[in-house]
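A.B. asks:
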Amino acid sequence: MDAFLCERAYREIRALSLLPGKKKPAGLLLGHLRGPRIFIERIWPTEEGFRRAAEYLWELEKALGCPIVGFFAYLPSRRYLQAILKPFACGKILVEIRPEKRNSFSLKCSLIDFSHAFKLFPCPLQIESRGKK
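Under the numbering used here, the sequence shown has 987 at position 95, and the numbering climbs by one with no breaks.
Okay, here's the thing in structure tokens:
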């Protein structure tokens, strides 16, 4: 399993990283699954205290018209991870955004799976570059 971050979603993550302040929004990754690859097409920022109950996420997925393929967060806390590591998240991904120098950042992608407990497993992430797919 691997993930492919489309250019639009990458630009949206980059734009959020430019927001002032240390606290950045977390949110949902929208896209689709094709074979063993998860395509991330868009992001949907969420507010602090966002409800992550499965019923609510299914409803939101229908309203957005695009499957939720995962979650993203800037330096996710243990509390955030505990909130998303639920049955709805199994088979989805988490993209951790790690701020670096001068408005740059790095991305770490993990697959959310269950093996006696919910766990994060490394997942390769490919980023679409301009003019190439």
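Virtual Cβ for every residue (Gly too), placed ideally from N, Cα, C.
Answer yes or no: do C935 and F896 have a C-beta to C-beta separation smaller than 8 Å?
C.D. replies: According to the sequence shown, residue 935 is Ile rather than Cys. Cβ atoms of I935 and F896: not closer than 8 Å.
A.B. asks: Report yes if the CB atom of A946 is closer than 8 Å to the CB atom of K978, and no otherwise.
C.D. replies: yes
A.B. asks: Between the alpha carbons of A955 and R929, how many angstroms are there, rounded?
C.D. replies: 24 Å
A.B. asks: What are the boundary residues of the alpha helix (DSSP H) that E904 is part of?
C.D. replies: 899 to 909
A.B. asks: Roughly how far, in whole angstroms, is the beta-carbon of L925 from the beta-carbon of V961, given that I think they are within contact range, below 8 Å?
C.D. replies: 7 Å
A.B. asks: Does the Cβ of K1011 have 16 or more other Cβ atoms within 10 Å, making it buried, or fewer, making it exposed?
C.D. replies: exposed
A.B. asks: Would you mind listing the beta strand (DSSP E) stretches within the region 912 to 976 that are 3+ residues and don't spill past its ends, in chain order?
C.D. replies: 918 to 926, 929 to 938, 960 to 966
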